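Numbering (our numbering), first residue to last: 4 to 121.
Below: the structure, in structure tokens.
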């Protein structure tokens, strides 16, 4: 059995599925912040929200594909699980970092919007 191919076959659906789930969660729950930042302009908030999701997909799925290659040969199930956990863990850390970066930007924009209205 070629464990490298099996690892690839598990890694891509796992990371893409995880990215889609996180993006949908952020899209749904981030809208209210954007509407507040844009002073109730729902059309603008929705447009920005969609653009953020597209960028999120491009960065995360692009990185997952970019780091797909495994240079060493995997010869056991244990090695496969270890390699898969490192690669998937890296993607999860990147998703978390992007989430906190987006929150930071949202709160900076919100604070700026609140300052402008007072």
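For every residue, glycine included, the Cβ atom is placed at its ideal position computed from N, Cα and C.
Given the structure is predicted, the values throughout are model-derived calculations rather than measurements.
Where residue i sits in the DSSP three-state scheme
i: residue 53; result: helix
i: residue 111; result: helix
i: residue 71; result: coil
i: residue 41; result: coil
i: residue 79; result: coil
i: residue 5; result: coil
Local Cβ density within 10 Å of residue i, reported as buried at 16 or more and exposed below that
i: residue 80; result: exposed
i: residue 53; result: exposed
i: residue 55; result: buried
i: residue 77; result: buried
i: residue 90; result: buried
Rounded distance between the beta-carbons of residue j and residue i, thought under 8 Å
i: residue 26; j: residue 60; result: 6 Å
| field | the segment 106 to 115 in contact with the segment 36 to 48 per 3-pair CB rule at 8 Å | value | Because the criterion of three Cβ pairs below 8 Å is met, the segment 106 to 115 and the segment 36 to 48 touch.
| message | I want to know whether the segment 8 to 20 touches the segment 30 to 37 - three or more CB-CB distances under 8 Å. | response | Output reads no: the segment 30 to 37 does not touch the segment 8 to 20.
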